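Here's the structure we're looking at; comments come further down.
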Amino acid sequence: MKTDIQIAQEANMLPITEIGAQLNIDKSELELYGNYKAKISLKFWDKIKDNKDGKLILVTAINPTSAGEGKTTTNVGLSMALNKIGKKAITTLREPSLGPSFGIKGGAAGGGYAQVVPMEDINLHFTGDIHAITTAHNLLSALLDNHIHKGNELNIDPRRIVWKRVLDMNDRALRNIVVGLGGRNNGVPREDGFDITVASEIMAILCLADDLEDLKDRLGKMIVAYTYDNEPITADDLNATGALTILLKDAIKPNLVQTLENTPAIIHGGPFANIAHGCNSIMATKYGLKLADYVVTEAGFGADLGAEKFFNIKCRAGNLKPDAAVIVATVRALKKHGGVSNEELDKENLTALNEGFANLEKHIENISKFGVPSVVAINRFPTDTENELQLIADKCKQIGIDVVLSEVWAKGGDGGVELAEKVVELCENKESKFSCLYNENDSVEGKIQTIAKDIYGAEGVEFTKNAKKKISKYEKLGFSDLPICMAKTQYSLSDDPKLIGRPEGFKITVRDLSVSAGAGFIVALTGNIMTMPGLPKVPAANNMDIDEKGNIEGLF
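Heads up, the numbering used here is the position in the sequence shown plus 124, with the first residue counted as 1.
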């Protein structure tokens, strides 16, 4: 069996100018990064902005497990399959972070015969967007510390600095550090720390901005610290906004690549889904909608995190109306949610499958709460038995939702034709009645309660003393009308990763909050969620190598 990277290295890629030509993008409107990658000029928007929008399809999934679900693989395969049945389709995806790529996850460009390419480039430095975000973020950190060191005219309280530094790598040793040591010339000593770059507010802003001016405006609103009088200090206050925008002038341009079957793919932005809002950029999605009949996009992790934030944050900010959703699951993952160990996943187990189906059922219910028609896609594995597949089909029928087998990993677009036809049928026969789950004018606590009860199935929410204090503070500062970005474990509907399946009788604990004033949401931190992940005992990086000819091995 060939690995993902072997399949990708054998791909028959077209020059990116030919991919652009499929979308009527002239070569002069592309900024080339070699033969197979390009950025789309911002000026191109004026040419297409009055085009009719295509259909927007969200691909989401059940809570992820070590058994695998294949959400990105299904996304890519569906876009290729839509083209096979005569529809003009584009896939829009997030950019992979180097942290997970070298940590526990490996590559993040799809899998098997449903991948985006050039796979190595996309999973590594790509077009430098994440590096630009890292640099911009840390420039702001440097300007902040320099301001304090050079006299602190803004009266910043070093104990109330909320702007950490960032690095696009999983490095737990940097979570809590002390800076400014070594004498007077090295700055003012204070506690600091690092987040992973994809948790940076600048990443969220890049993905929610409509254009360069909107990006600049949002950057200026970012709160980095508070004064001794507890007044917020922003990037504008530090006169940093212009420089930050300069560093991001190219990063804001959407990236154009292709799938293994030469379907256009726009890959742009990549905020974490269990920390930030977990969706590719609004610009990438809007470009896609003006260029294709169908845009297949995704949201991070399970529907409780990714889809909820896609609907309540991204669609609200971008005035987007999704037409349909695909909920991805595997027999193996459902058995995992039913309590089966990894060693027993290949054995038929209808009892565990029946138990684990409850997780899928909850996600189906959640999508319906937003008024979006949906279909279940079972990403088929060779070990799946007919009895197991029939059990899922029967249970889906009982709750009134269609289920389709997807074999895009093994067969590419051909393996997703039935799914593509079902998606088209949904879009043509069932009108989306999309609406957000809560009103912006609801209280901060009320919005969090709504998400916890309606989406997670919690009995309620417990707010720590610190969390309540932060809520009161943000309400006084005028931020109470912002949407909520829940930072929660991806492995469970609850805030406890050990509670798999569909847990009941639990409460969500909100231990802290932070405001992302530029991005335009309040982050609610639950459980033990970390904004700087760590590496596993055996990182994926340990199995990677490159030979004398430059061929990469082990990158998934």
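Glycine included, every Cβ here is placed at the ideal spot set by N, Cα and C. All figures in this text were calculated on a predicted structure; none of them were measured in a lab.
My understanding is that residue i touches residue j, with C-beta atoms under 8 Å, so please give their C-beta distance in whole angstroms.
i	j	result
I399	T655	5 Å
G678	N667	4 Å
I653	K600	No, I653 and K600 are not in contact; Cβ-Cβ is about 26 Å, not under 8 Å.
I376	L339	6 Å
T454	G194	7 Å
V532	A191	With a Cβ gap of about 18 Å, V532 and A191 do not count as contacting.
L515	N478	7 Å
V547	V499	7 Å
T421	L180	7 Å
P446	F558	6 Å
How is the beta strand (DSSP E) around residue i delimited, first residue to last?
i	result
S567	Premise fails: S567 is in no beta strand (DSSP E) and is neither H nor E.
Y411	Element bounds for Y411: not the beta strand (DSSP E) but the alpha helix (DSSP H), 406 to 415.
F645	645 to 650
M656	Taken as a continuous stretch (DSSP letters only), M656 belongs to no beta strand (DSSP E), as it is neither H nor E.
E315	314 to 316
E92	Beyond the ends of the chain as shown, which are 125 and 680, falls residue 92; an answer cannot be given.
T216	213 to 217
M610	608 to 611
L291	289 to 291
I347	347 to 351
Which same chain residues end up closer than 6 Å to residue i when comparing Cβ atoms and leaving out the 5 residues on each side of it in sequence?
i	result
N119	This structure cannot settle anything about residue 119, because the visible part of the chain is limited to 125 through 680.
L291	F318
P220	A232, N247
V322	S221, G394, P395, F396
L659	G227, N294
I254	D292, T321
Excluding the 5 residues preceding and the 5 following residue i in the sequence, name in chain order all residues of the same chain whose CB lies nearer than 7 Å to its CB.
i	result
G686	Residue 686 is absent from the model: the chain starts at 125 and stops at 680.
A641	K345, M346, I347, F603
C415	Reading the sequence as shown, one finds Leu at residue 415 and not Cys. Closer than 7 Å at the Cβ level, and outside the excluded window around L415, lie L147, I172, I214.
G223	D292, M293, N294, I320, P657
I572	V585, I608, V634, A648
R296	M656, G658
E325	M346, S640, G642, A643
L156	I140, A162
Where does the unbroken alpha helix (DSSP H) through residue i begin, and where does it stop?
i	result
K589	589 to 600
K514	Lys is not the amino acid found at residue 514; the sequence shown has Gln there. That run of the alpha helix (DSSP H) goes 510 to 522.
L138	From DSSP, L138 is part of no alpha helix (DSSP H); its letter is neither H nor E.
T198	195 to 208
I502	Here I502 belongs to no alpha helix (DSSP H); instead the beta strand (DSSP E) covers 498 to 503.
L380	Careful: L380 lies outside any alpha helix (DSSP H), inside the beta strand (DSSP E) at 379 to 383.
A476	474 to 493
L550	541 to 553
T369	365 to 371
Buried or exposed: where does residue i fall if 16 or more other Cβ atoms within 10 Å of its Cβ makes it buried?
i	result
M125	exposed
V541	buried
T507	exposed
D378	Checking the sequence shown, residue 378 turns out to be Pro, not Asp. So P378 ends up on the buried side.
Y350	buried
K410	buried
Y352	exposed
D619	buried
G536	buried
S203	buried
Q522	exposed
E467	exposed
G402	buried
D361	buried
R289	buried
V496	buried
P313	exposed
R218	buried
V568	buried
V241	buried
What residues in its chain sit with their C-beta under 8 Å from that of residue i, if we drop five residues either side in the sequence?
i	result
L263	A364, A367, L368, L371
K493	L561, D578, I579
I406	C331, L332, A333, D334, K438, A441, G442, L444
N490	A427, D428, A431, E432, D578, I579
L154	I140, T141, G144, A162, K163, I164, S165, L380
L623	S616, L617, F630
D150	G144
Considering only heavy atoms of the ligand MG, does any lie closer than 7 Å to the CB of residue i?
i	result
D170	Only the bare structure without any ligand can be found here, which leaves the ligand MG out of the picture.
Check whether the stretch 298 to 311 touches the stretch 590 to 600, taking contact to mean three or more Cβ pairs, one atom from each stretch, closer than 8 Å.
no
For the 8 Å Cβ check, are there 3 or more pairs between the stretch 158 to 169 and the stretch 379 to 395?
yes
Under 8 Å: do the stretch 621 to 641 and the stretch 576 to 583 share three or more Cβ pairs, one atom per stretch?
yes
State whether the stretch 236 to 246 contacts the stretch 126 to 136, with contact taken as three or more CB pairs (one from each stretch) at a distance under 8 Å.
Segments in contact, yes.
Are the stretch 184 to 203 and the stretch 422 to 431 touching by the rule of at least three beta carbon pairs closer than 8 Å?
yes
Contact the stretch 499 to 515 vs the stretch 192 to 205: 3+ CB pairs below 8 Å
yes
Report yes or no: do the stretch 454 to 469 and the stretch 527 to 546 share at least 3 C-beta pairs separated by less than 8 Å?
Result no; under three Cβ-Cβ pairs closer than 8 Å.
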